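Position 219 (the sequence shown) corresponds to 219 in UniProt numbering; numbering is contiguous.
All residues carry an ideal CB built from backbone N, CA and C; glycine is no exception.
Quick caveat: nothing in here was measured; it's all calculated off a predicted structure.
Each remark here refers to the structure printed beneath this line.
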Amino acid sequence: MNDILAALRAAGEETRLRLLALCDRADLTVSDLTRILGQSQPRISRHLKVLCDSNLLTRLREGSWVFFRLERQGPIATLIEQILAQLPADDPVLLRDRARLEAVQTERASAAQAYFRDNAAQWNAIRSLYVEDAAVEEALVAILSGGNADYRLGHLLDIGTGTGRMLSLLGGHADSAVGIDQSREMLALARTALEDAGLRNCLVRQGDMYALPVDDASMTVVIIHQVLHFAETPAAAIAEAARVLAPGGRLMVVDFAPHDLEYLRDQHNHRRLGFSVEEVEDWCRRAALSPLSTHDLAGRPQAGQSLTVRLWLAERPAT
Ligand SMILES: C[S@@+](CC[C@H](N)C(=O)[O-])C[C@H]1O[C@@H](n2cnc3c(N)ncnc32)[C@H](O)[C@@H]1O
1 MNDILAALRA AGEETRLRLL ALCDRADLTV SDLTRILGQS QPRISRHLKV
51 LCDSNLLTRL REGSWVFFRL ERQGPIATLI EQILAQLPAD DPVLLRDRAR
101 LEAVQTERAS AAQAYFRDNA AQWNAIRSLY VEDAAVEEAL VAILSGGNAD
151 YRLGHLLDIG TGTGRMLSLL GGHADSAVGI DQSREMLALA RTALEDAGLR
201 NCLVRQGDMY ALPVDDASMT VVIIHQVLHF AETPAAAIAE AARVLAPGGR
251 LMVVDFAPHD LEYLRDQHNH RRLGFSVEEV EDWCRRAALS PLSTHDLAGR
301 PQAGQSLTVR LWLAERPAT
C-alpha cells in the first residue's frame with residue numbers, strides 16, 4: 001500500500017502529471033522537458049527526481065545525456081497508465097504540451113535525417129552488393145515465426161540496433177523490445193522511427209555489445225543483424241548475447257559469408273570479411289548454445305563482386 005500511496009502522491013501534482021503524460025509519448029531529456037513546459041531546469045529536475053524516486057519514471061543514461069521514460073512494468077505502472085488514459089483529450093494545457101513535444105520531435109528528427117543523409121551513400125554502396133533488405137527480412141521472419149502469422153517473440157533484444165530496423169520489423173510481435181547501440185546518432189534515428197511507428201513497447205539504449213545493460217537470462221529472442229563484422233572479438237559478443245538469453249531462447253545472427261572485398265576493411269571499418277558456418281556455430285557451442293540452422297541468400301554480382309548474406313539460428317537449451 002505504501003508504494004501505491006507514494007506513487008499517487010508523486011503523480012498528484014500538475015507539473016508532474018504533465019511530465020508523466022509527456023514521457024508516455026516519448027523518451028525525453030531534462031532540456032526537452034524544460035523547453036516543452038517552459039519552466040526552469042532546476043524545477044523540472046526536482047519534479048523528475050520525485051517521479052524517479054517513486055518508480056514512475058526510469059532514467060536511461062546515454063553518454064552525457066539522460067532520457068526519462070515512463071515505467072511500464074508492474075502494478076504501479078498499470079495504475080499510472082490508467083490515470084493517464086483518463087486525462088481529457090481536449091485539455092488546453094495538455095494540448096499545448098503535446099504541440100510543443102511535436103515541435104521538439106520534428107527538430108530531433110531533422111537532425112537525425114541530416115546524419116542519415118551524410119552517411120546514406122556509404123551504406124547504400126555496400127547494400128547494392130547483396131540481396132534486397134526485404135528478402136533478408138522475409139527470410140528472418142520466416143525462420144523466427146515458423147510460418148505462423150500471429151507469431152510472438154516474448155522479450156526481444158536487438159544488439160547493434162542502428163536505425164532500429166529490426167525493432168520496427170519485429171517489435172509488434174514482441175511483449176517488449178530493446179535495441180542497444182553504441183552510437184548516439186544511430187539511437188536518435190531509431191528513436192524517431194519507433195515514435196513514428198507508435199511502437200511504445202520498444203525502447204533503445206546506449207550500450208556496448210560486450211557488456212550489455214541487460215539482466216542474465218531475461219530475453220527470449222536476441223538478434224545481431226549486420227553487426228558482428230565490426231566486432232574485434234565476435235566470440236565475446238556471442239557469449240554476451242548468450243548470457244542474456246533465457247532457457248529455450250533463440251539467437252539469430254545475420255552477417256556475411258566469407259568474402260574477399262578488402263576495401264570494406266579500409267573504407268567501411270569492417271573488422272572481419274564474413275564468417276564461415278562452422279566459425280559462428282563453434283562460438284555458439286562455446287557459449288552453451290545449440291546451433292539449429294543456417295540459411296544463405298546469394299548476392300547480386302556487380303563488376304564481379306557480391307556478398308552472400310547468411311542467417312544463423314541457435315538456441316539456449318531449455319534445461
Ligand atoms: C551496419 S549497422 C547495423 C544496424 C542494424 N542492426 C541493421 O541491420 O539495420 C551496425 C551497428 O552496430 C553498432 N555497433 C558497432 N559496434 C558496436 C558495439 N561494440 N556495441 C554496440 N553497438 C555497436 C553501430 O553503431 C551500428 O549502428
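{"Asked": "How about R9 and S40: are their beta carbons less than 9 Å apart?", "Found": "no"}
{"Asked": "List the whole-angstrom C-beta distance separating T161 from I180, where the pair is believed to meet the contact cut-off of C-beta under 8 Å.", "Found": "6 Å"}
{"Asked": "State the Cα-Cα distance for the pair A77 and L51, rounded to the nearest angstrom.", "Found": "12 Å"}
{"Asked": "Look at the Cβ atom of L60, then the Cβ atom of A21, and state whether they are nearer than 9 Å.", "Found": "no"}
{"Asked": "Please list the terminal residues of the continuous alpha helix (DSSP H) segment that includes L199.", "Found": "Careful: L199 lies outside any alpha helix (DSSP H) and carries neither H nor E."}
{"Asked": "Step through the CB atoms of chain D and report whether any lies within less than 9 Å of the CB of L273.", "Found": "Protein chain content of the structure displayed is limited to a single chain, and chain D is not contained in it."}
{"Asked": "Looking at the structure shown, is A177 part of a helix, part of a strand, or coil, going by DSSP?", "Found": "strand"}
{"Asked": "For V93, count neighbouring C-beta atoms within 10 Å of its own C-beta (all shown protein chains included) and say buried if the count is 16 or more, exposed if not.", "Found": "exposed"}
{"Asked": "Can you tell me which of Q226, C284, F275 puts its alpha carbon nearest to the alpha carbon of L245?", "Found": "C284"}
{"Asked": "Counting pairs of beta carbons, one from the stretch 233-251 and one from the stretch 192-203, are three or more of them closer than 8 Å?", "Found": "no"}
{"Asked": "Where does S40 fall in DSSP's three states?", "Found": "coil"}
{"Asked": "How long is the line joining the alpha carbons of N148 and A177, rounded to whole angstroms?", "Found": "20 Å"}
{"Asked": "Output the boundary residues of the alpha helix (DSSP H) element that contains M166.", "Found": "165-170"}
{"Asked": "Is the beta carbon of L311 sitting closer than 9 Å to the one on D296?", "Found": "yes"}
{"Asked": "Can you find the residues in the same chain that come closer than 7 Å, C-beta to C-beta, to L17, ignoring five residues on each side of it along the sequence?", "Found": "A11"}
{"Asked": "How is E14 classed by DSSP in three states: helix, strand or coil?", "Found": "helix"}
{"Asked": "Should G171 be labelled buried (16 or more other beta-carbon atoms within 10 Å of its own) or exposed?", "Found": "buried"}
{"Asked": "Around ligand 1, what residues have a beta-carbon under 5 Å from a heavy atom of it, in chain order?", "Found": "G160, G162, R165, D181, Q182, S183, M186, D208, M209, H225, Q226, V227, F230"}
{"Asked": "Less than 8 Å between C-beta atoms, sequence neighbours within five positions excluded: which residues of the same chain meet that for S276?", "Found": "A257, P258"}
{"Asked": "Please report the Cβ distance between G154 and A174, rounded to the nearest whole angstrom; I am assuming they are in contact, meaning their Cβ atoms lie under 8 Å.", "Found": "7 Å"}
{"Asked": "With H, G and I counted as helix, E and B as strand and the rest as coil, what does DSSP make of H270?", "Found": "coil"}
{"Asked": "Does the stretch 214-221 come into contact with the stretch 231-239, if we say contact requires no fewer than three beta-carbon pairs (one atom in each stretch) closer than 8 Å?", "Found": "no"}
{"Asked": "When burial is assigned at 16 or more other CB atoms within 10 Å of the CB, is R250 buried or exposed?", "Found": "buried"}
{"Asked": "When burial is assigned at 16 or more other CB atoms within 10 Å of the CB, is T192 buried or exposed?", "Found": "buried"}
{"Asked": "Hey, how far is the Cα of L79 from the Cα of T15?", "Found": "18 Å"}
{"Asked": "Since R243 is in the alpha helix (DSSP H), which residue starts that stretch and which ends it?", "Found": "234-244"}
{"Asked": "I need the DSSP call for E132, collapsed to helix, strand or coil.", "Found": "coil"}
{"Asked": "Per DSSP, what kind of secondary structure is residue 320 in: helix, strand or coil?", "Found": "A question about residue 320 goes unanswered here, because the residues of the chain that appear run from 1 up to 319."}
{"Asked": "Would you mind reading off the limits of the alpha helix (DSSP H) that contains A89?", "Found": "Run containing A89: none; DSSP gives neither H nor E here."}
{"Asked": "Report, in whole angstroms, the separation of the C-beta atoms of V254 and V309, which I expect to be a contact under 8 Å.", "Found": "7 Å"}
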